[in-house]
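A.B. asks: Dropping the structure in here first, questions after.
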Amino acid sequence: MHTGYVKTAATIARFACPAHGCILAAYFEERSMVEDVELNRLYWHSRRGMLELDVLLVPFVREVYPHLNDVDRDLYRRLLTCEDQDMFGWFMQRAESEDAELQRMVRMILDRVQPK
1 MHTGYVKTAA
11 TIARFACPAH
21 GCILAAYFEE
31 RSMVEDVELN
41 RLYWHSRRGM
51 LELDVLLVPF
61 VREVYPHLND
71 VDRDLYRRLL
81 TCEDQDMFGW
91 FMQRAESEDA
101 ELQRMVRMIL
111 DRVQPK
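Sequential numbering of the sequence shown, starting at 1, is according to the UniProt record's numbering.
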């Protein structure tokens, strides 16, 4: 059995390598770093500079986004491309998005914070 180290930008991971385990360990560590970079990027894109949006979007991206399926992740990223004033109206329930899928994401975010 072979023992080795994988060095990445942030960590050094020790692993046992029976056959291709070392490649697999390096792959998972790299993937985790990619996911961390994506979450950090989304965190900063979720900070809109409008308090009403920030208090909804920032906790959502930290607490819920990592557990979303790929379709909903894409939908959240699409929501972030919308204008702040449009999102403000949707989240304050003064208007609804013409896009039913975007409105579903707005509802998902609001359902986290509104008492039932």
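Glycine included, each C-beta is placed from N, C-alpha and C at the ideal position.
What you are looking at is a predicted structure, and each value in this text was computed from that prediction instead of being measured.
For Leu110, collect the residues of the same chain with a Cβ closer than 7 Å to its Cβ; drop the 5 residues on either side in sequence, then sort them by chain order.
C.D. replies: Once the five neighbours on either side are set aside, the close Cβ partners of Leu110 are Phe91.
A.B. asks: Expressed to the nearest angstrom, what Euclidean distance is found between the alpha-carbon atoms of Gly89 and Glu35?
C.D. replies: Answer to the nearest angstrom: the Cα atoms are 31 Å apart.
A.B. asks: DSSP state of Ala95, grouped into three classes?
C.D. replies: Of the three classes helix, strand and coil, the one that applies to Ala95 here is coil, per DSSP.
A.B. asks: Which word fits Val55, buried or exposed, when buried means at least 16 other C-beta atoms lie within 10 angstroms of its C-beta?
C.D. replies: The residue is exposed, with fewer than 16 neighbouring Cβ atoms inside 10 Å.
A.B. asks: Please classify Val106: is it buried, with 16 or more other beta-carbons within 10 angstroms of its beta-carbon, or exposed?
C.D. replies: It counts as buried.
A.B. asks: Pick helix, strand or coil for Met108, following the three-state DSSP scheme.
C.D. replies: Looking at Met108 - three-state DSSP - the assignment turns out to be helix.
A.B. asks: So, helix, strand or coil for Leu53, using DSSP?
C.D. replies: The answer is helix: DSSP assigns Leu53 an H, G or I state.
A.B. asks: Going straight from the alpha carbon of Glu96 to that of Gln103, what length do you get?
C.D. replies: Cα to Cα, Glu96 sits roughly 6 Å from Gln103.
A.B. asks: Take the Cβ of Leu80 as the centre, count every other Cβ of all protein chains shown within 10 Å, and call the residue buried at 16 or more, exposed below.
C.D. replies: With fewer than 16 Cβ atoms within 10 Å of its Cβ, Leu80 is classed as exposed.
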